[in-house]
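Under the numbering used here, think of the first position of the sequence shown as -13, with each following residue one higher.
Beta carbons are placed, not taken as given, at the ideal position from N, Cα and C, and that holds for glycine.
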Amino acid sequence: MAAADLIELWRGGLMESVHRGHAVVWDRGGMVAAWGDADAVIFPRSSCKMLQALPLIESGAADAAGLGTEQLALACASHQGARIHVDRVAAWLDGLGLAEPDLRCGAHMPNDPPENRRLTCSDEAPCQLHNNCSGKHAGFLTWTRHHRAGPDYHEPDHPLQQAVRRVFEEVTDETSPGYGIDGCSAPNFATSVSGLARAMSAFAVAASGEGSGARTAAMRRLTRAMTAHPDLVAGEGRACTELMRAMGGRVAVKTGAEAVFVAIAPDRGLGIALKVADGATRASEAAITALLVRLGLLDAGHPVVGKYLTDPLRNWRGIAVAERRLATGFDA
-13 MAAADLIELW
-3 RGGLMESVHR
7 GHAVVWDRGG
17 MVAAWGDADA
27 VIFPRSSCKM
37 LQALPLIESG
47 AADAAGLGTE
57 QLALACASHQ
67 GARIHVDRVA
77 AWLDGLGLAE
87 PDLRCGAHMP
97 NDPPENRRLT
107 CSDEAPCQLH
117 NNCSGKHAGF
127 LTWTRHHRAG
137 PDYHEPDHPL
147 QQAVRRVFEE
157 VTDETSPGYG
167 IDGCSAPNFA
177 TSVSGLARAM
187 SAFAVAASGE
197 GSGARTAAMR
207 RLTRAMTAHP
217 DLVAGEGRAC
227 TELMRAMGGR
237 VAVKTGAEAV
247 FVAIAPDRGL
257 GIALKVADGA
267 TRASEAAITA
277 LLVRLGLLDA
287 GHPVVGKYLT
297 DPLRNWRGIA
307 VAERRLATGF
317 DA
């Protein structure tokens, strides 16, 4: 099946752009709804950090290192590189007897405006702690130290990444057809949109309090850490943080590069996964917002819905010049 029209941009009474993609809603009983091709194979990118963090807990490494909810939230984060992120990851590494050079994620300028400005106006260069994936990599290092594995934990043949792949395939209930290397240098395993939604539903059911066992407990802890610390999962002004706050901690959401978005709704056992084909963040944020509203998880009148979906787009003079609309078929 082809991608479905999801989000349109209208200007001057004409449709200027359309964003196509795939979306799946899954619950305890299976697939609830789908748009586009539910079997489309995608790279989930950072939307699957919860899956990548499961070995951290299941292996006992998290408890051995005394990790709390803040560290677990950071293990699932694509953060802004603000001081609340950088300082916490630095302290986490220090507690392990490790430091910034032990990371393998690379360095980039932080997206947090104050921290970006501080570095820009000084002679200090960004370090790997500023990388949006530094929390995930601190989790990787925690597992690696616990298992006394080699330092290059990002390599696809490293025992850690083999453990991640096993867990990823078990929770998505699919054999991954392969991997690509993510921006942080770790492998990112491919799956279908429905496989990703199925995995998010598994997290939702676990976080609802149903079930038992090590994996269920690990899923529950990660989901609850995310909803307890939305500011650590992303940061101020970011859709993940603002949407989770708007839903009062009842739903965990996570974006991934190239316009992937997922949601975990424990009260309903629901998992959502979507991918916008052209990689536009504008469209993935609008689409996840629309689905959260449609499913009754997010109040349609909340200001965050306006920000990401219904408010007009304004030019540099503040004039309303365009609007986002749900495409026919995605608006039902």
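Nearest CA to the CA of residue i: which residue from the options?
| i | options | result |
| --- | --- | --- |
| Asn174 | Arg6, Ile28 and Ala59 | Ile28 |
| Gly125 | Cys113, Ala59 and Glu110 | Ala59 |
| Ala85 | Gly195, Gln114 and Glu101 | Gln114 |
| Asn97 | Ala111, Gln148, Ala68 and Glu44 | Ala68 |
| His288 | Val307, Asp253 and Met230 | Met230 |
| Ser198 | Gly304, Glu44 and Cys34 | Glu44 |
| Arg184 | Arg236, Ala249, Trp21 and His140 | Ala249 |
| Ile305 | Arg(-3), Ala(-10) and Ala(-11) | Arg(-3) |
| Ala47 | Leu312, Gly265 and His132 | His132 |
| Trp363 | Leu281, Ala286, Gly292 and Pro298 | Only positions -13 to 318 of the chain appear in the structure, and residue 363 is not among them; the question remains open. |
| Asp88 | Ala76, Pro99 and Met95 | Ala76 |
| Leu82 | His71, Lys240 and Asp49 | Asp49 |
| Ala308 | Asp297, Ala225 and Arg224 | Asp297 |
| Gln147 | Trp129, Glu160 and Pro163 | Trp129 |
| Glu196 | Asp23, Pro99, Ala286 and Gly255 | Gly255 |
| Gly257 | Gly22, Ala193 and Gly121 | Ala193 |
| Asp23 | Ser33, Ala(-12), Arg103 and Ala272 | Ala(-12) |
Return the Cβ separation of residue i and residue j in integer angstroms, given the expectation that the two are a contact with Cβ distance under 8 Å.
| i | j | result |
| --- | --- | --- |
| Pro145 | Ala135 | 5 Å |
| Ala243 | Gly166 | Wrong, their Cβ atoms sit about 11 Å apart, outside the cutoff. |
| Thr275 | Leu295 | 5 Å |
| Val157 | Ala188 | 6 Å |
| Thr55 | Ala214 | 5 Å |
| Asn117 | His94 | 6 Å |
| Val150 | Gln57 | Rounded, the Cβ-Cβ distance is 18 Å, inconsistent with contact. |
| Ala313 | Leu(-8) | 6 Å |
What is the DSSP secondary structure of residue i, counted as helix, strand or coil?
| i | result |
| --- | --- |
| Val75 | helix |
| Arg400 | Because residue 400 is not part of the residues shown, which for the chain are -13 to 318, the question remains open. |
| Gly92 | coil |
| Asp217 | helix |
| Ile349 | Beyond the ends of the chain as shown, which are -13 and 318, falls residue 349; an answer cannot be given. |
| Glu56 | helix |
| Asp(-9) | strand |
| Gly169 | coil |
| Gly257 | strand |
Apart from the five residues just before and just after residue i, which ones in its own chain have a Cβ nearer than 6 Å to its Cβ?
| i | result |
| --- | --- |
| Met1 | Glu(-6) |
| Met375 | Past the edges of the chain, shown from -13 to 318, lies residue 375, and the structure says nothing about it. |
| Ala26 | His8 and Val179 |
| Val262 | His5, Gly7, Ala245, Ala269 and Ser270 |
Got a sec: does the ligand ZN put a non-hydrogen atom nearer than 7 Å to the Cβ of residue i?
| i | result |
| --- | --- |
| Thr209 | Within the structure as shown, the ligand ZN is missing, as the structure has no ligands at all. |
In chain order, what residues of the same chain have a beta carbon less than 7 Å from the beta carbon of residue i, not counting five sequence neighbours either side?
| i | result |
| --- | --- |
| Val291 | Thr275, Val279 and Leu284 |
| Glu160 | Thr177, Ser178 and Gly181 |
| Arg90 | His123, Asp138, Tyr139, His140 and Ser171 |
Next on the checklist: Threshold first: 3 residues or longer. Then list the beta strand (DSSP E) segments lying entirely within the segment -1 to 29, N to C.
Outcome noted: 0 to 13 and 16 to 21
Checklist entry - Which ranges does the alpha helix (DSSP H) cover as unbroken runs of at least 4 residues, wholly within the segment 96 to 167, from first to last along the chain? => result 99 to 106, 120 to 133 and 145 to 158
Checklist entry - Which ranges does the alpha helix (DSSP H) cover as unbroken runs of at least 4 residues, wholly within the segment 267 to 315, from first to last along the chain? => result 267 to 280
Checklist entry - Which runs of the beta strand (DSSP E) fall wholly inside the segment 176 to 254 and span at least 3 residues, in chain order? => result 238 to 242 and 246 to 251
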